[in-house]
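Protein chains in written order, with the numbering used here: chain A, 583 to 840; chain B, 186 to 201.
Every residue gets a Cβ at the ideal spot worked out from N, C-alpha and C, and that includes glycine.
Note that the structure is predicted; figures quoted are calculated from it, not measured.
Step one of this worksheet: look at the structure below.
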């Protein structure tokens, strides 16, 4: 089972861990950051929804390869993916996060929270960050969005501090997905059995690698849930600001999940 | 079921 979890994860990762590590100091230039910040809020939301959807497609492929997942009824497969896909992406983000300069791998390079500033407000005219800050014209339209981005970065930072191996990240993702306490499951007992097997295998791995202390140091599951609700709240606030935006502006899978 | 058309399709497809 341990081999299956790791193999499933590695096969469905867009980037190899070594590659992400090797490139962890390749950051966006200030001009490139400005270009992201100059985008309109709607453009940046669509861009991020696109990248997130790509990551979620990989989570679906990961789930399909996990032992036992495809034996569940399709209703439960969908329940688990709807509830867990974003959480899995957030856990996996620690692999693509450089905790030393608080940047994340996004569209080919590493960038900090400022890269995503346009998500919370209209793009500025390209002036430097310092100049725009604190002025009346810099009033934020979705102030909660910056809190969401900071919270996501904080979460990645706290997970990075645990220095998880690929196997550990793979297990954390599998356990987020195969969670028998998700509401609306039709065959909860079946999911509970799979979850139980995963937990045993994970504990055995941690014992073997003398990493048993990891379990006590993991962020509480409520933190992931809170991030997902924050994302939904911001998406709803965005839709209220842009009521005329065509639904087709977001990828179909993103619309289906959120 | 119709509500989750894309997820259904992804789950039914072979490994892509």
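- With a threshold of 16 other beta carbon atoms within 10 Å, residue 669(A) meets it and is buried.
- Residues 650 and 760 of the same chain have their beta carbon placed closer than 6 Å to that of residue 776(A), with the five preceding and five following residues left out of the count.
- Judged by DSSP in its simplified three-state form, residue 609(A) adopts strand.
- Rounded to the nearest whole angstrom, the C-alpha separation of residue 747(A) and residue 811(A) is 28 Å.
- Taking the Cα positions, residue 630(A) is about 21 Å away from residue 195(B).
- If you ignore the 5 residues before and after residue 645(A), its C-beta comes within less than 8 Å of the C-beta of 651, 659, 662, 663 and 759, all in its own chain and listed in chain order.
- Under the 10 Å beta carbon count, residue 724(A) is surrounded by 16 or more other beta carbons and is classified as buried.
- Of all residues in the region 668-684 of chain A, none comes within less than 9 Å of chain B when Cβ atoms are compared.
- Going by C-alpha positions, residue 837(A) is about 42 Å away from residue 792(A).
- Between the alpha carbons of residue 691(A) and residue 771(A) lies a distance of about 43 Å.
- Close CB contacts of residue 674(A) within its chain, under the 7 Å cut and outside five residues either way in sequence, are with 751 and 755 (chain order).
- Cβ proximity to chain B below 7 Å picks out 834, 835 and 838 from the region 824-838 of chain A.
- DSSP, reduced to helix, strand and coil, places residue 791(A) outside both helices and strands of the structure shown, so it counts as coil.
- Chain B has a Cβ within less than 8 Å of the Cβ of residue 642(A).
- Proximity of the region 794-810 of chain A to the region 678-698 of chain A falls short of the contact definition, fewer than three beta-carbon pairs being nearer than 8 Å.
- Check the Cα spacing between residue 683(A) and each of 608(A), 819(A), 790(A) and 787(A): the tightest is with 608(A).
- Restricting attention to 679(A), 799(A), 618(A) and 627(A), the CA atom closest to the CA of residue 833(A) is found in 627(A).
- Not flagged as an interface residue toward chain B: residue 768(A), since no C-beta distance is shorter than 8 Å.
- Shortest Cα-Cα distance from residue 636(A) to any of 594(A), 801(A) and 654(A) involves 594(A).
- In this structure, residue 679(A) places its C-beta atom within 8 Å of the C-beta atom of residue 742(A).
- Annotated three-state conformation of residue 680(A) is strand, per DSSP.
- Around the beta-carbon of residue 745(A), fewer than 16 other beta-carbon atoms lie within 10 Å, marking it exposed.
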